[in-house]
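Visitor: Numbering (the working numbering), first residue to last: 154 to 321.
For reference, the structure I am asking about is given below.
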Amino acid sequence: MISLRIKDTRKFMSHLLVKDTFDNFLLSEASINTSCLHSIEGKINHSFYSDEEWAELDEDEKKYTSWLVQKPYCFSLIKGSKVPSSMKIVMLLSSSATVKLLNDSETLLSYDNINGLFINIKYQDGHADIITGTSLNIFSLDKTLDSSFDSYIRNFLIDNGLDFEETI
């Protein structure tokens, strides 16, 4: 787990809300505090879909909504002359990205041991911060996956030109 302070909040928000930088992430939850609090629960509601529609969804689409789908709604809540007083967005890697990272990390953990690889994005007081987190469904002292995921997020930000500093 690492905590990163984004150096250019305006640029980061553009990547988050306008560009396609984060579109491959899944949305676990979001809360946007403007004149009132707007909350989105990213877990998929199975009962909303017909059996035929459900059968057509892939593994990720049966668990969480994608950021790509929810981004326009979130942007519509934020755009205007005033910035939100605070915002929290929790995203996670897709199953395919998780499997790839798992295979590259040399850990003994299997995909079935992983609940999710999360980034917690928090905006408050004009600053944007990202905190990484891994969720396992077993107890493990092996921190290889944590370290690999932290490196993945650092590289993801660097590759997209988003400068940051690590905080404690």
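For each residue, glycine too, the CB sits at the ideal point set by N, CA and C.
Bear in mind that the values here come from a model prediction, so they are computed numbers and not experimental data.
Anyone know if the C-beta pair for ASP316 and ASP213 falls short of 8 Å?
Guide: Position 163 of the sequence shown holds residue 316. Position 60 of the sequence shown holds residue 213. No, the Cβ-Cβ distance between ASP316 and ASP213 is not below 8 Å.
Visitor: Comparing alpha-carbon positions, which option in SER238, ASN273, SER219 and LYS235 lies nearest SER145?
Guide: Nothing about residue 145 can be reported from this structure: the residues present for the chain run from 154 to 321 only.
Visitor: Name the two residues that bound the continuous beta strand (DSSP E) containing MET240.
Guide: As a working note, residue 240 is residue 87 in the sequence shown. Looking at the DSSP string, the run of the beta strand (DSSP E) that includes MET240 is 239–245.
Visitor: Hey, PHE264 and THR251: beta-carbon distance below 8 Å or not?
Guide: Along the sequence shown, read from residue 1 onward, the residue named residue 264 stands at position 111. Along the sequence shown, read from residue 1 onward, the residue named residue 251 stands at position 98. First, the amino acid is wrong: residue 264 is Tyr here, not Phe. The Cβ atoms of TYR264 and THR251 lie closer than 8 Å to each other.
Visitor: Here's the rule: buried if 16 or more other CB atoms are within 10 angstroms of the residue's CB, otherwise exposed. What is TYR226?
Guide: Position 73 of the sequence shown holds residue 226. It is exposed - the Cβ of TYR226 has fewer than 16 other Cβ atoms within 10 Å.
Visitor: By Cβ distance below 7 Å, which residues in the same chain neighbour SER258 in space, the five residues on each side in sequence not counted?
Guide: As a position in the sequence shown, residue 258 is number 105, starting the count at 1. The residues are THR297, LEU298 and SER301.
Visitor: By how many angstroms is the C-alpha of GLN277 removed from the C-alpha of SER184?
Guide: Numbered from its first residue, the sequence shown carries residue 184 at position 31. Numbered from its first residue, the sequence shown carries residue 277 at position 124. Their backbone Cα atoms lie some 12 Å apart in a straight line.
Visitor: Closest to GLN223 by CA distance: which of LYS196, ASP204, TYR202 and SER249 is it?
Guide: Walking along the sequence shown from the start, residue 223 turns up at place 70. Minimum Cα distance to GLN223 is reached at LYS196.
Visitor: Would the beta-carbon of ILE283 fall within 8 Å of that of ILE272?
Guide: Along the sequence shown, one-based indexing puts residue 283 at 130. Along the sequence shown, one-based indexing puts residue 272 at 119. Closer than 8 Å, so yes.
Visitor: Taking ASN313 and HIS191 to be in contact with their CB atoms under 8 Å, please state how far apart those CB atoms are, rounded to whole angstroms.
Guide: Your numbering for residue 313 matches position 160 in the sequence shown. Your numbering for residue 191 matches position 38 in the sequence shown. At roughly 26 Å, the Cβ-Cβ gap does not stay under 8 Å, so ASN313 and HIS191 are not in contact.
Visitor: By the 10 Å Cβ neighbour count, where 16 or more other Cβ atoms means buried, how is LEU270 classified, buried or exposed?
Guide: The residue given as residue 270 occupies position 117 in the sequence shown. Counting Cβ neighbours within 10 Å, LEU270 comes out buried, since at least 16 surround it.
Visitor: Assign LYS368 to one of three DSSP states: helix, strand, or coil.
Guide: Outside the displayed span of the chain (154 to 321) sits residue 368, for which this structure offers no information.
Visitor: Pull the bridge partners of SER184 from the DSSP assignment, please.
Guide: The count along the sequence shown starts at 1 and reaches residue 184 at position 31. SER192 and LYS241.
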